[in-house]
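See structure below.
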Amino acid sequence: MKLILNNENQYLVKDPSKDFHCSDGLIKAEELSKAKAETNKGVVYSIIDPTFSDIYAKMKRQAQIITLKDIGTIISETGIGKDSKVLDAGSGSGALCCFLANICKKVISYELREDHQKVAMHNKDLLGIKNLTLKSGDIREKIAEKDFDVIILDMPDPWNALKTTKAALKRGGYIVVYSPTIPQVMDVQMHAKDHDLLFVKTLENIQRPWEINDRKVRPVSSYINHTAFLTFLRKI
Ligand SMILES: C[S@@+](CC[C@H](N)C(=O)[O-])C[C@H]1O[C@@H](n2cnc3c(N)ncnc32)[C@H](O)[C@@H]1O
């Protein structure tokens, strides 16, 4: 794969053995191995090898995906790393589980809907991920695997999955719940008590992008402000 980019546009070229077409014209396949190339309309592009994040940015999206700022917070708060075994539900478009698989030992992800699972499988293949198992199933009913370090729930009624996920979690492990609204957070906190899970904290991670253009330097006027609240529970 190659990433071709200039100040205006960025394209992921999945098969650099073929000519590449875009709105600025055509770049011949033999030009795609160079550092720079010009389209037949005279527009210059730089050509680089894409990073994981460059490919991730071009993933297919069907179910709403979790944002990078929230993924970053989940990783830093729970200490997920190269030795971690992680479970996630629902897979949705596979954004979270693919990102985590890139830094973890193993990730397993459950999904109810076949159409969503197909998108997650497509994205897993696009990113070349091998240590991720995408499973069909309702996480509220049964989890076949055990001994997870971290379990992340991005689904409408996560409190109904606390019994099964607690049983599949290592002692000391985290359940992280991603909830768009506060009534959901309240239900999670109440049910956590019933399941004897330690409520660690709920936080909202706000990221404000800025526009930097000569002396026009200010917060971007319109951007996604709220995504979700992250609630951290622990099995002790
Ligand atoms: C918002 S999406 C998850 C997005 C995902 N975190 C990502 O980053 O791409 C929520 C998904 O949870 C699935 N889901 C809802 N309830 C579920 C359950 N009980 N077990 C498994 N999957 C479930 C839905 O079908 C949907 O695909």
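Basically the working numbering = 1-based index in the sequence shown + 1262.
Note that beta-carbon positions come from the ideal geometry of N, C-alpha and C, so glycine has one too.
Source: prediction; values computed, not measured.
- Sequence-distant partners of T1426 (beyond 5 residues in either direction) whose C-beta falls short of 8 Å from its own C-beta, in its chain, are I1401, R1402, E1403, K1404 and I1405.
- When rounded, the separation of the alpha-carbon atoms in K1344 and N1302 is 45 Å.
- If you draw a straight line from the Cα of D1316 to the Cα of K1280, it comes to about 20 Å.
- Around the C-beta of K1408, fewer than 16 other C-beta atoms lie within 10 Å, and the residue is accordingly described as exposed.
- When E1270, V1482 and P1420 are compared, the shortest CA-CA separation from Q1469 is found for V1482.
- Where H1384 is concerned, there is no enclosing beta strand (DSSP E), although the alpha helix (DSSP H) around it starts and stops at E1376 to L1389.
- For A1351, the uninterrupted beta strand (DSSP E) segment begins and ends at K1347 to A1351.
- Sorting A1297, C1284, D1350 and N1385 by C-alpha distance to the C-alpha of A1319 places N1385 at the top.
- No Cβ-Cβ contact shorter than 8 Å links T1443 with D1332.
- Between the C-alpha atoms of Q1379 and N1467 there is a straight-line separation of about 28 Å.
- As DSSP reads the structure, Y1436 sits in a beta bridge with V1412 and R1496.
- Under the three-pair Cβ rule at 8 Å, the stretch 1321-1330 counts as touching the stretch 1353-1368.
- The distance from the Cβ of V1450 to that of V1439 is about 5 Å, consistent with a contact at the 8 Å cut-off.
- In the DSSP assignment, Y1307 falls within the unbroken beta strand (DSSP E) covering V1306 to I1310.
- For the set A1363, I1391 and M1417, the Cα lying nearest the Cα of E1373 is the one of M1417.
- For S1315, the enclosing alpha helix (DSSP H) covers residues F1314 to Y1318.
- Pairing L1424 with D1411, the inter-Cα distance amounts to about 15 Å.
- Beta-bridge partners of V1369 (DSSP): V1348 and L1394.
- Taking 7 Å as the cut-off, the C-beta of I1474 does not count as close to any heavy atom of ligand 1.
- Taking C-beta separations shorter than 7 Å and ignoring five residues to either side along the sequence, the partners of V1381 in its chain run K1322, Q1324, S1355 and G1356, following chain order.
- Distance from the CA of F1491 to the CA of M1452, rounded to the nearest whole angstrom, comes to 16 Å.
- The beta carbon of D1350 sits closer than 6 Å to the beta carbons of L1358, C1359, S1371 and I1414 from its chain, once the five residues preceding and following it are set aside; these are given in chain order.
- With a cutoff of 8 Å on beta-carbon distance, L1394 and A1429 are scored as not near each other.
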